[in-house]
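Peer 1: Got a structure here, written out as structure tokens. Questions coming.
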Amino acid sequence: MLRQLIRQCHFSSIPSAALIGFGTLFLLIWWLSMGFSSGNNLLIVNQTFTIKPSNLIVSPTDAKVSLQSKNEHLAAAFGSLWPKLSQLNCNSLLTNGMKFKQFSGGKWRRILQKDPPHGHLDTNCTAIRARWHFVETAGTAREANFPLAFARTVFRPWYKIFIIIFIPSKKCHPQIVHDFLLLEQMLSVEYTPQNVYCYALDAKADALFMRRVHALARCFPNVVVLAEQFSVFSNGKNVTRAQLACLEAMLPMGKWKYALLLQNHDLPLRTNAELVEILRVYKGTNDIGTKKIVPNTVNLSLDWSLASLHIYREGHRVPMPTNLTRLHHTKSLNLIALSRSAVEFTLGTLRLDKMIAQLELSAYGMDEVLFSTLNSNLPDFPGGFSPICLPRRPVPNMGRYTIWHGNGVATASGGCRSAFFRHGVCVYGTEDLWHIARDRLHFYLNKMMPSFDFGAIFCWLNALTARRDGQRRTKKNAVPLLKVNRRFYAELPHVRYNRLRCSGRLAAFNC
67 MLRQLIRQCH FSSIPSAALI GFGTLFLLIW WLSMGFSSGN NLLIVNQTFT IKPSNLIVSP
127 TDAKVSLQSK NEHLAAAFGS LWPKLSQLNC NSLLTNGMKF KQFSGGKWRR ILQKDPPHGH
187 LDTNCTAIRA RWHFVETAGT AREANFPLAF ARTVFRPWYK IFIIIFIPSK KCHPQIVHDF
247 LLLEQMLSVE YTPQNVYCYA LDAKADALFM RRVHALARCF PNVVVLAEQF SVFSNGKNVT
307 RAQLACLEAM LPMGKWKYAL LLQNHDLPLR TNAELVEILR VYKGTNDIGT KKIVPNTVNL
367 SLDWSLASLH IYREGHRVPM PTNLTRLHHT KSLNLIALSR SAVEFTLGTL RLDKMIAQLE
427 LSAYGMDEVL FSTLNSNLPD FPGGFSPICL PRRPVPNMGR YTIWHGNGVA TASGGCRSAF
487 FRHGVCVYGT EDLWHIARDR LHFYLNKMMP SFDFGAIFCW LNALTARRDG QRRTKKNAVP
547 LLKVNRRFYA ELPHVRYNRL RCSGRLAAFN C
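Throughout, our numbering is defined as the position within the sequence shown, counted from one, plus 66.
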């Protein structure tokens, strides 16, 4: 039977042994690339927990998620998936968590999503705006006076097209795993007219996906797609180059205060108004982690001296007094927030070609090193920090709410309840919504994937949209902003460091 199906796919000239060998190798590589399910965590989805309503990100007012069941444009975009999406009980998933049973044979019923094929998705501006609610005003006065910039690098997996699925109809269908509808919905949640947005596309993406993203950008004057594509990979290769290109493109587009560097599956945890309230506390400090590098992220046999790298452009020198002659590498999660001054300094004062070229020779994780090293090493890097705390402890940043494999044990406060990991990072499912909906301190969530559980994505982004829209109502009927724990952010080591440095009291800093 299998050989007959293979012959119908025009592989009949390939010997059976070669097919079996190739198939086995491909499945192994695919499994390693996509992630793995941890057997130790499989039973956690059968547990129930009670959560305190006071800890919920969603309130009783905005938890009533409207899935726009009568939206014909969404129905057309999602096709046969729409009845399943529109019938999701998102409110119960968000507020009651594991008490809401959505099982089928002991497993969660997941909704897997892939973008419609050519000719089955309208990408004119009328259709795009009708599918989602894009706000047209700045919102609060503080939002209007504190615009943000978002640079999103969009990966395409190298196996993106040639995953062959054999189905009973004896036809072969290439499964093209895309994220366009995800990108579109995320933009609708993040979008405000005073912000700016940039997409850096993977050169491996197909023409249809690229056309759709360009069509999305044409609908908004503050959204840009880079003309240059970058062949980016999940190990970090070329990501830094893509990010710098987006920063350069966004710099003249407005007087934004901070730039956030994002990737495909970074979903917002905060509304724009809440993010502004948090970053105002930072007062120009960059939200970048300072951690020790791990093996193979930097080739330490190379020359990392300032004299060799020529980091400073002509006319600029390392500020004195300083004993810095060689870079001491540090790392951070890729999702960081850079002050505008730091971006201007990076693009105008520094020359990073050689440093990036040497980082790109590493095996993986090179995209986590550049900005953390600059931030912690260069004494004149605006909003920067120092490696002074590293002997005692790492200093993380607040960009991502991430659960790593090994730290995903189920507890009443969270845990990776989907029990599925990709590159060691939890891929959240609908069973994780209840703890995601608790009052988290991070800016973004990583990660959710349409090819794993689009229902979780759809519920969460609709809940966040409901909260945003509630915050933008008239004062009498508005849903209040989540109480931002300003003291928590103000007491972060890197924020305290800059506050003391600006006041001339840096000697008083302690980790």
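The beta-carbon is built from N, C-alpha and C at its ideal position, and this holds for glycine as well. Just so you know, these numbers come straight off a predicted model, no measurement behind them.
1. From K42 to M514, what distance separates their C-alpha atoms?
2. If I'm right that G490 touches A522 with Cβ under 8 Å, what's the distance once you round it to whole angstroms?
3. Do three or more CB pairs link the stretch 341–356 to the stretch 411–425 at distances below 8 Å?
4. To which residues of the same chain is S438 closer than 7 Å at the C-beta, ignoring the five residues directly before and after it?
5. What would DSSP say about L214, mapped onto helix, strand or coil?
6. Nearest to G205 by CA position, among E557, D535, A574, is which residue?
7. Near T258, which residues of its chain fall below 7 Å by C-beta distance, leaving aside the five closest residues on each side in sequence?
8. Please state whether DSSP places Q329 in a helix, a strand or coil.
9. Helix, strand or coil, according to DSSP, for A532 in the structure here?
10. Using 8 Å for Cβ pairs, my map puts G302 next to G431. What's the rounded Cβ distance?
11. My guess is that K321 and P213 are in contact by the Cβ rule of under 8 Å, so how many angstroms apart are they, rounded?
12. Grab the span of the alpha helix (DSSP H) containing R553 for me, first residue to last.
13. Label A573 either buried or exposed according to how many other C-beta atoms from any shown protein chain fall within 10 Å of its C-beta, with 16 as the threshold for buried.
14. Is it buried or exposed for Q537, if we count other Cβ within 10 angstroms and need 16 for buried?
15. Between the C-alpha atoms of L159 and I377, what's the straight-line distance to the nearest angstrom?
16. Contact between the stretch 370–385 and the stretch 455–475: three or more CB pairs below 8 Å?
17. Locate the beta strand (DSSP E) running through A403, then write down its first and last residues.
18. Using only alpha-carbon positions, find the residue among N155, Y555, R567 that is nearest to I344.
19. Evaluate the contact criterion for the stretch 180–199 versus the stretch 273–289: three or more CB pairs, one atom per stretch, below 8 Å.
20. If you draw a straight line from the alpha carbon of V305 to that of R533, how long is it in whole angstroms?
21. Measure the C-alpha to C-alpha separation of K151 and L527 and round it to an integer number of angstroms.
22. Which runs of the alpha helix (DSSP H), 4 residues or longer, sit entirely within the stretch 275–341?
23. What is the DSSP secondary structure of S254, reduced to helix, strand or coil?
24. Answer yes if the stretch 403–415 comes into contact with the stretch 436–453, meaning at least three C-beta pairs across the two stretches below 8 Å, and no otherwise.
25. Beta-carbon separation of R197 and L140 under 8 Å?
26. Taking the alpha carbon of L327 as the point to measure from, which residue in M276, R277, C264 has its own alpha carbon closest?
27. Taking 8 Å as the limit between beta carbons, can you name the residues of its chain near L178, skipping five residues before and five after?
28. Here's the rule I'm using: 16 or more other beta-carbon atoms within 10 Å means buried, otherwise exposed. How should A269 be labelled?
29. Look up L444 in the DSSP assignment and say whether it is helix, strand or coil.
30. Using three-state DSSP, classify T356 as helix, strand or coil.
31. Does DSSP classify D433 as helix, strand or coil?
32. Beta-carbon within less than 7 Å of H184's beta-carbon, same chain only, minus the 5 sequence neighbours each way: which residues are those?
33. Would you say T219 and Q309 are within 8 Å of each other, going by their C-beta atoms?
34. Tell me, which residues are paired with V461 by DSSP?
35. Measuring alpha carbon to alpha carbon, tell me which residue in A311, T351, R392, C568 is nearest L366.
Peer 2: Reading off the structure:
1. As shown, the chain starts at 67 and ends at 577. That puts residue 42 outside it, with no answer to give.
2. Between A522 and G490 the Cβ distance is about 19 Å, and since that is not below 8 Å, they are no contact.
3. no
4. I354, G355, T356, T396, K397, S398
5. strand
6. D535
7. V201, A204, G205, E209, N338
8. strand
9. helix
10. 5 Å
11. 7 Å
12. 552–556
13. exposed
14. buried
15. 50 Å
16. no
17. 403–405
18. Y555
19. yes
20. 32 Å
21. Here residue 151 turns out to be Leu, not Lys, going by the sequence shown. Computed Cα separation, rounded: 13 Å.
22. 305–316
23. helix
24. yes
25. yes
26. C264
27. P516, S517, F518, D519, F520
28. exposed
29. coil
30. strand
31. helix
32. L274
33. yes
34. T356
35. R392
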